[in-house]
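Have a look at the structure below before the remarks.
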Amino acid sequence: MVLFIGGFFKIFFNLPPNLFIKIFFLIIYTWCTVGINVNFMIPLISLIDQKIVKK
């Protein structure tokens, strides 16, 4: 999580001062970050749940 936030601020503050570019980057970065976390976490939680139920 720290890497996502740190990477976001580093890239965001180095963008040109164009509002459209910053808003576009904000939307894309948020979309990808949430998508990656959801796609990794849901299968992991499901796998852990299956192992708990088996015991």
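All residue numbers for the sequence shown refer to this note's numbering, where the first residue is -8 and numbers rise by one.
Virtual Cβ for every residue (Gly too), placed ideally from N, Cα, C.
Because the structure is a prediction, the values reported are computed rather than measured.
Are the beta-carbon atoms of Ile12 and Leu6 separated by less than 8 Å?
Within the sequence shown, numbered from 1, the residue matching residue 12 stands at position 21. Within the sequence shown, numbered from 1, the residue matching residue 6 stands at position 15. Between Ile12 and Leu6, the C-beta spacing is below 8 Å.
Secondary structure of Asn9, DSSP reduced to three states
Translated into the one-based positions of the sequence shown, residue 9 becomes position 18. If DSSP states are grouped into helix, strand and coil, Asn9 belongs with coil.
With a cut-off of 8 Å on the beta carbons, I'd call Thr24 and Phe(-5) a contact; round off their distance for me.
In the sequence shown, the residue the question calls residue 24 occupies position 33. In the sequence shown, the residue the question calls residue -5 occupies position 4. Sure, about 5 Å apart at Cβ, within 8 Å.
To which residues of the same chain is Leu17 closer than 8 Å at the C-beta, ignoring the five residues directly before and after it?
Here the question's residue 17 lines up with position 26 in the sequence shown. So the list reads Phe3, once near-sequence residues are dropped.
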